[in-house]
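Novice:
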Amino acid sequence: MSGPLAIEDLSASYGPIRALNGVSFSVPEGTITAVLGANGAGKTTLLRTIMGLVHPERGAARYGEVDLTRIEVAEHVRHGVAHVPEGRGVIVELTVEENLRLGGLFRRDRAGIRQSIGEVLELFPSLAERRRRSAHTLSGGERQMLAIGRALVARPRLLLLDEPSLGLAPRVTAQIMELLRRLVAEQRLTVLLVEQNARSALSVADRAVVLALGKVVIDDTATAVGAHDSLRHHYLGY
Amino acid sequence: MRLFVNYTLVGVTQGLVYAAVALALVLAWRSTRILNFAQGAMAMITTYIAATLLEHSVGYWEAFIAAIAAGLVIGAVTERLVIRPVEARNPLNAVIVAIGVLIFLEALAAAIWGSVERGFPAPFSLVGYRVGGHGIELAPFDVFVIVAVLVMMALLLALFRFTALGLRMRASAFSPEVAGMLGVRVKRLLTLGWALAAAAGALAGLFVAPSVFLYPQNMDSVLIFGFTAAIIGGLESPLGALAGGLVSGLAWSYVGGYIGPSFQASGAVALLVVVLMVRPSGLFSSPQARRV
Amino acid sequence: MAGVVAEPDPGATAPAAEAEPTAAPPGRSGPAWLRRLRLPTQPFFRHGLLAVLGGVACYLLSVQVSSFANFNIAEVAAYTVVIAGLALLVGGTGQISLGHAALMAVGAYAYADLESHNKHLPLAVGLLLATALTAAAGGIVGAAAARLRGPYLAGVTLALGLAVPQLADHYFSSDQGIPISFTPPSTVEANHWLAWICLLSALIVLFLLANLRTSRWARAFSAVRDDEIAASLAGISVARTQILGFVISAACAGLGGALLALCNLGATSGAFPISLSILLIAGVVIGGTGTLVGAVWGGILVVYGPIWLDDAVGSTTSSLGVNLPSIVFGALIVLVVIFVPNGIQGALNRLGLRVRRAARW
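Protein chains in written order, with numbering that gives the first Met the number 0: chain A, 0 to 237; chain B, 0 to 291; chain C, 0 to 360.
Listed below in C-alpha cells is the structure:
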C-alpha cells in the first residue's frame with residue numbers, strides 16, 4: 000500500500016458531543032503532516048478514528064484502496080499502516096526485543112524481521128543496550144523510541160503518531176522529531192502526526208492542519224502556518 | 000523417617016497433579032482474567048470420554064490422546080460460547096457462569112454415564128517400588144505422572160518463550176488493546192488459551208481417576224487444592240503453578256499423614272493465609288505497581 | 000413503588016425505587032389523594048412500614064397454605080437472610096466469599112451445641128448467641144483476608160468452605176451432627192411456627208440491612224468497593240470497612256444457618272457442602288446483584304429452584320430424567336447471567352421503569 004492518505008469529510012461523536020465535524024484534508028506520500036490545535040479540538044479523536052478505534056458517523060480515511068475507518072484495527076498492519084498511540088503502548092512485561100518482534104509479526108517477508116530489528120537497534124543505541132531487559136526499565140523517552148522502533152519493524156508505508164512528545168523533555172522531543180524527518184527522507188515514509196507541541200511539530204513537518212472544535216481551520220504548508228501570527232496566537236498558543 | 004520419605008513421595012506426586020490443575024487455571028486466568036471453576040468438571044468429562052473409548056476396545060494411549068484432544072475442544076467451545084459474552088463485564092458474572100457450567104457438566108455426566116463410581120485403569124503399575132526390602136510410596140505410575148506433568152510444563156514454557164504464537168499469546172494477555180493494534184487476533188488467542196488450559200486439566204483428570212475412581216464429582220476437591228496451588232504460585236506463570244502445586248501437594252500429604260485427613264483442607268487454608276501474608280500476590284508474581 | 004405494595008415485600012427497598020420525583024408531574028389523571036399517596040420519605044419509617052406490611056402479607060400467606068409449603072417458606076426465609084448478608088459483602092464491599100456455607104455451618108453447630116447443653120434455652124437467646132459467635136468468626140476471616148483481592152480471596156474462602164465441614168465432622172465426631180429438638184407453643188402447628196420464626200428473623204434482618212444501606216456506613220462500603228486507594232486517601236479505614244462487611248455477612252450467615260438447623264432438627268456437615276456456597280453466590284447474582292429484594296429472589300431460587308425443576312423436567316425413570324433438572328439448572332444459570340446480567344431484580348427494575356414511564360403518558 001502506498002500513496003497519499005485522504006481524509007474525507009470525517010465526522011465522529013462521543014455521545015451528544017460532536018468531536019469531529021466534516022474534517023477533510025490530504026497527507027501527501029513521503030511527507031510529514033502535523034495535526035495541531037488546542038486541547039479538545041478533536042486531534043486525538045481524529046487519529047483514533049483513523050486508527051479504527053472510534054467509529055465515524057460519516058466520512059472515510061482512504062489509503063490506497065482501503066478505508067482505514069472501516070477495517071478492523073488488527074488489519075491495519077497488514078495494509079502497511081503502523082500506529083504509535085498516545086502513552087506509547089509499550090508492553091512493559093515483555094523485553095525490548097520482544098516488543099520489537101511483535102512489531103514485525105505480520106510482515107510479508109518474515110525473514111527480514113531480524114534485519115529490521117537490527118536496523119532499529121542501530122538507530123536507537125540506548126535500546127540496543129537494554130535489548131534483553133524488560134521494557135518497564137525504560138524511561139519515558141526510551142519507551143517512545145521503542146514504540147516508534149516497533150512500528151518501524153513492521154516496515155510501514157504510513158505511520159500514525161499520537162502526541163509523541165507527551166511527557167518528554169524538550170531535548171528528547173527534538174531528537175524524536177529529527178528522527179522522523181530522517182526516516183521520511185530515507186524511506187519515503189508518509190507520516191501523520193498529532194501534536195500538542197506545535198512549535199516542535201512545525202519544525203519538521205511539511206504540511207500542517209489546524210483543528211478547532213472539530214473543524215479544519217487551516218490546511219497549508221508548515222512554513223505558512225508557522226508564519227501566520229494571529230493563527231498561531233489564537234489556536235496554537237504562542 | 001520412612002514415614003517422612005513416604006509422605007514426601009506421595010506429596011510430590013499429588014503435588015504435580017495439583018500443578019497440572021493449577022496450570023489449567025493459570026492459563027485461563029492469563030488469557031481472560033477469569034477463574035475457571037468448571038475446570039475440574041471439564042477434566043472429569045474428558046476422562047469419561049477416555050473411559051468410554053476404553054470400553055470400546057481402544058488402546059490406553061489412543062484414549063489418552065483423545066482425552067487431551069477432547070480437552071482442547073471443550074475448552075475452546077466453552078470460551079467461545081459461554082465465557083466470551085461475559086468477559087468484559089463484572090468478574091463476578093464470569094464466576095457464576097463458570098459455576099453454571101460446572102453444575103451443567105456434572106449433571107450431564109451423571110445423565111450419560113450414571114453416577115455410580117467406576118474404575119479407571121492406569122497405564123503402569125500402581126504398586127510401589129521396593130527399596131531395601133521395604134515398599135515405598137512411589138509406583139511406576141507415579142513416576143509417569145511426574146514425568147508427564149514436567150514434560151507438559153516444559154512444552155508450554157517453550158511455546159511461550161520461543162515461538163511467535165507464544166509471544167502473541169503473552170502480548171494478548173498482558174495488553175489486549177496494544178496487541179490488537181499490532182495486528183494480533185486477540186479473541187482467537189483467548190480461545191486458544193482456554194483450549195490449552197482444558198488440555199492440561201484433562202491430563203490431571205486422567206491421573207486422578209485411577210486412585211479416586213471416576214464419578215461426576217470426583218474432581219471437586221482436586222479443583223480446590225488446584226486453586227490453592229494456583230494462587231500460591233501467583234497466577235502468572237507455569238513455573239508458579241508448578242511451585243504452588245508442589246507446595247500444596249506436600250502440605251496435603253504431611254497434614255493428612257501426621258495430623259489427619261479431616262485437617263487437610265484446613266491445612267490448605269493455613270497455607271494460603273501464611274503465603275499470602277508474606278507475598279500477597281503469590282510466590283512467583285512480579286510486583287506490580289498499583290495504578291492510582 | 001410509591002403507593003402500591005402488591006407482593007409480600009419484606010422490608011426491602013430496591014435502590015432504583017428511591018430515585019423518584021417528589022412532586023407529581025402536572026396534568027396527570029387520577030384522584031389527588033391517590034397521587035399524594037407515597038411512602039414516608041425518612042428511610043427508617045419507610046423501611047419499617049414496608050417491613051410491617053410485608054410481615055402482615057407473609058402471615059396471611061402462611062395461614063393459607065399447607066404445612067409443607069410453610070416448611071419451604073421457612074427455608075426460603077432462612078436462605079434470604081444468608082443471601083442478603085452475602086449480597087452486602089459482594090455488592091456492598093466488593094469482596095467475594097466462596098465459602099459462606101461454612102459460616103452457616105458455624106451458626107448451625109453453635110446453636111445446636113448450645114441447645115444440646117441447655118435444654119431450656121429460649122429460642123431468641125440461642126439464635127442471638129449463634130449469630131454473635133458466627134459474627135466473631137467472620138471477623139477473624141475478614142481480618143485474615145483483609146489484604147486479599149479477587150481471585151486470592153476467592154481461593155481462600157473456597158478452601159475455608161471445604162475445611163469447616165471437615166473439621167465439624169472431626170470434632171463433633173459423627174456425620175450425623177448434633178440433633179436439635181424444639182417444641183412450638185401448643186396451639187401452633189410445627190411448620191407454621193418454623194415459618195413465622197424464620198419470616199420474622201428475615202424481616203428484622205432485611206429491615207436492619209435496609210437501614211444500613213441508607214446510612215453513612217453504606218458510603219464507606221461503596222467507597223472501598225469502588226476504589227480502595229481513593230477511599231483510604233479520603234480517610235476511610237479500608238481494612239476496618241472490609242472486616243465490618245465480613246462480620247455483618249457472617250452474622251447473617253450464622254443466623255440463617257441456625258434457622259436451617261432448626262428446620263432440619265439438627266446441624267450436620269452434609270447440609271453445608273461447597274456446592275451450597277456456590278449456590279449462594281449464584282443466588283446473590285441471579286436474584287439481583289446485591290439488591291436486598293434480590294436476596295428474596297435468591298432465597299426462592301435456592302429452595303424452589305430444585306423443586307420446580309424436578310416437577311417440570313425431572314423423572315425417576317431414567318438417568319437422564321433424574322439429572323435433567325440439574326442440567327437445566329446449570330444451563331439456566333449460564334443463560335440468565337449472559338442475557339439478564341442484573342439478575343431478576345435488575346430486570347424487574349428496568350421493567351418497572353418502563354411501566355412507570357408508560358403510565359405517565
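No residue lacks a Cβ here, since even glycine has one placed at the ideal position from N, Cα and C.
1) DSSP three-state call for Val273 of chain B: helix, strand or coil?
2) Do Val20 of chain B and Val272 of chain B count as a contact pair if the criterion is CB distance below 9 Å?
3) Measuring alpha carbon to alpha carbon, tell me which of B:Tyr6, B:Thr7, B:Thr12 ends up nearest Ala147 of chain B.
4) Can you check whether the CB of Leu157 of chain A is closer than 9 Å to the CB of Ala170 of chain B?
5) Indicate whether at least one CB of chain B lies closer than 9 Å to the CB of Arg149 of chain A.
6) What is the C-beta distance between Phe245 of chain C and Ala104 of chain C, in whole angstroms, given that I count them as a contact (C-beta under 8 Å)?
7) Are at least three pairs of beta-carbons, each pair with one atom in the stretch 148-158 of chain C and one in the stretch 92-101 of chain C, less than 8 Å apart?
8) Within 9 Å of any Cβ in chain B, is that where the Cβ of Val190 of chain A sits?
9) Residues of chain C with CB closer than 7 Å to the CB of Ala106 of chain B, please, in chain order.
10) Please list, in chain order, all residues of the same chain as Met276 of chain B whose beta carbon is under 7 Å from its beta carbon, the five residues on each side excluded.
11) If we count the other Cβ atoms within 10 Å of its Cβ and call it buried at 16 or more, is Ser236 of chain B buried or exposed?
12) Could you give the first and the last residue of the continuous beta strand (DSSP E) run that contains Leu9 of chain A?
13) Against chain B, does Gly53 of chain C count as a neighbour if the rule is that its beta carbon must be under 9 Å from one of theirs?
14) Who are the near neighbours of Ser268 of chain C in its chain, counting only those whose CB is closer than 7 Å to its CB and skipping five residues on each side?
15) Measure the alpha-carbon distance for Ala260 of chain C versus Gly127 of chain B and round it to whole angstroms.
16) What are the uninterrupted segments assigned as alpha helix (DSSP H) that are 4 or more residues long and contained completely in the stretch 130-154 of chain A, given in chain order?
17) For Asn322 of chain C, count neighbouring C-beta atoms within 10 Å of its own C-beta (all shown protein chains included) and say buried if the count is 16 or more, exposed if not.
18) Suppose only complete runs of 3+ residues qualify. What are the beta strand (DSSP E) ranges in the stretch 173-213 of chain A, listed by chain order?
19) Spell out whether any CB of chain C is found under 9 Å from the CB atom of Leu293 of chain B.
20) Do Ala196 of chain B and Val25 of chain B have their C-beta atoms within less than 9 Å of each other?
21) Report the rounded CA-to-CA distance for Ser284 of chain B versus Leu188 of chain A, giving the unit in angstroms.
22) So Gly304 of chain C and Arg224 of chain C are in contact, right, with Cβ under 8 Å, and what is the actual spacing, rounded?
23) Can you tell me whether Pro15 of chain A is buried or exposed? The criterion is at least 16 other CB atoms within 10 Å of its CB, across all chains shown.
24) Would you tell me roughly how many angstroms separate the C-alpha atoms of Leu439 of chain C and Ser276 of chain C, rounded to the nearest one?
25) Thinking just about the alpha-carbon of each residue, which of C:Gly342, C:Ile247, C:Thr316, C:Leu193 is nearest to the one in Ala136 of chain C?
26) If the criterion is Cβ atoms closer than 9 Å, does the pair Ala203 of chain B and Val16 of chain B meet it?
27) With respect to the beta strand (DSSP E) encompassing Asn20 of chain A, which residues constitute its N-terminal and C-terminal limits?
28) For Leu157 of chain A, write down the residues that DSSP places opposite it in a beta bridge.
29) What are the residues that DSSP puts in a beta bridge with His301 of chain B?
30) Kindly indicate which residue of A:Asp219, A:Gly213, A:Ala223, A:His227 has the alpha-carbon position closest to the one of Gly36 of chain A.
31) If contacts are defined as beta-carbon pairs under 8 Å, then Leu191 of chain A and Leu167 of chain A qualify, I think. What distance do you get, rounded to the angstrom?
32) Suppose you measure from the CA of Met168 of chain B to the CA of Leu334 of chain C; what does that come to, to the nearest Å?
33) Unbroken alpha helix (DSSP H) runs of length 4 or more, entirely within the stretch 34-86 of chain B: which are they?
34) Can a CB atom of chain C be found closer than 9 Å to the CB of Leu181 of chain B?
35) Distance, Cα to Cα, Val83 of chain A vs Phe206 of chain B?
36) At a CB distance below 9 Å, what residues from the stretch 240-254 of chain B approach chain C? Give them in sequence order.
Specialist: Looking at the coordinates:
1) The answer is helix: DSSP assigns Val273 of chain B an H, G or I state.
2) One thing to note: Val272 of chain B has its Cβ no nearer than 9 Å to the Cβ of Val20 of chain B.
3) In this structure, B:Thr12 is the residue among B:Tyr6, B:Thr7, B:Thr12 with its C-alpha nearest to the C-alpha of Ala147 of chain B.
4) Leu157 of chain A is positioned such that its CB atom lies no closer than 9 Å to that of Ala170 of chain B.
5) Chain B, which has a Cβ nearer than 9 Å to the Cβ of Arg149 of chain A, makes this yes.
6) Not quite, the Cβ-Cβ distance comes to about 16 Å (not below 8 Å), so this is no contact.
7) Contact holds: three or more Cβ-Cβ distances are below 8 Å.
8) At least 9 Å separates the CB of Val190 of chain A from every CB of chain B.
9) Going along chain C in sequence order, the residues near Ala106 of chain B (Cβ under 7 Å) are Asn322, Ser325, Ile326, Gly329.
10) Counting only Cβ-Cβ distances below 7 Å, and skipping sequence neighbours, we find nothing.
11) Label assigned to Ser236 of chain B: buried.
12) Where Leu9 of chain A is concerned, the enclosing beta strand (DSSP E) stretches over 4-13.
13) Judged by the 9 Å Cβ criterion, Gly53 of chain C is not in contact with chain B.
14) Residues Ala104, Pro164, Ala167, Asp168, Asp174, Gly176 of the same chain have their beta carbon placed closer than 7 Å to that of Ser268 of chain C, with the five preceding and five following residues left out of the count.
15) Spanning the two alpha carbons is a distance of roughly 46 Å.
16) Taking only runs of at least 4 residues, the alpha helix (DSSP H) segments lying wholly in the stretch 130-154 of chain A are 139-152.
17) Of the other Cβ atoms in all chains shown, 16 or more fall within 10 Å of the Cβ of Asn322 of chain C; this residue is therefore buried.
18) If we require 3 residues or more, the beta strand (DSSP E) runs fully inside the stretch 173-213 of chain A come out as 189-193, 206-211.
19) The structure shown does not extend to residue 293 of chain B, since chain B is modelled only from 0 to 291, so the question has no answer here.
20) In terms of Cβ geometry, Ala196 of chain B and Val25 of chain B form a close pair [threshold 9 Å].
21) Rounded to the nearest whole angstrom, the CA to CA distance from Ser284 of chain B to Leu188 of chain A is 42 Å.
22) With a beta-carbon spacing of about 28 Å, Gly304 of chain C and Arg224 of chain C fall beyond the 8 Å limit used to define contacts.
23) Label assigned to Pro15 of chain A: exposed.
24) With chain C running from 0 to 360 in the structure shown, residue 439 of chain C is simply not present.
25) The option with the nearest alpha carbon to Ala136 of chain C is C:Ile247.
26) Cβ distance < 9 Å, so Ala203 of chain B and Val16 of chain B count as in contact.
27) 16-26 is the span of the beta strand (DSSP E), which, as asked, contains Asn20 of chain A.
28) According to DSSP, which records beta bridges pairwise, Leu157 of chain A is partnered with A:Val80, A:Thr189.
29) Coverage of chain B is limited to positions 0 through 291, which leaves residue 301 of chain B absent and any answer about it impossible.
30) When A:Asp219, A:Gly213, A:Ala223, A:His227 are compared, the shortest CA-CA separation from Gly36 of chain A is found for A:Gly213.
31) Between the beta-carbon of Leu191 of chain A and that of Leu167 of chain A there is about 19 Å, and that puts the pair past the 8 Å contact cut.
32) Taking the Cα positions, Met168 of chain B is about 29 Å away from Leu334 of chain C.
33) Within the stretch 34-86 of chain B, the complete alpha helix (DSSP H) runs of at least 4 residues are 38-54, 59-77.
34) Output row for Leu181 of chain B: interface = no.
35) If you take the alpha carbons of Val83 of chain A and Phe206 of chain B, they lie about 48 Å apart.
36) When CB distances to chain C are screened at a threshold of 9 Å, not a single residue of the stretch 240-254 of chain B falls below it.
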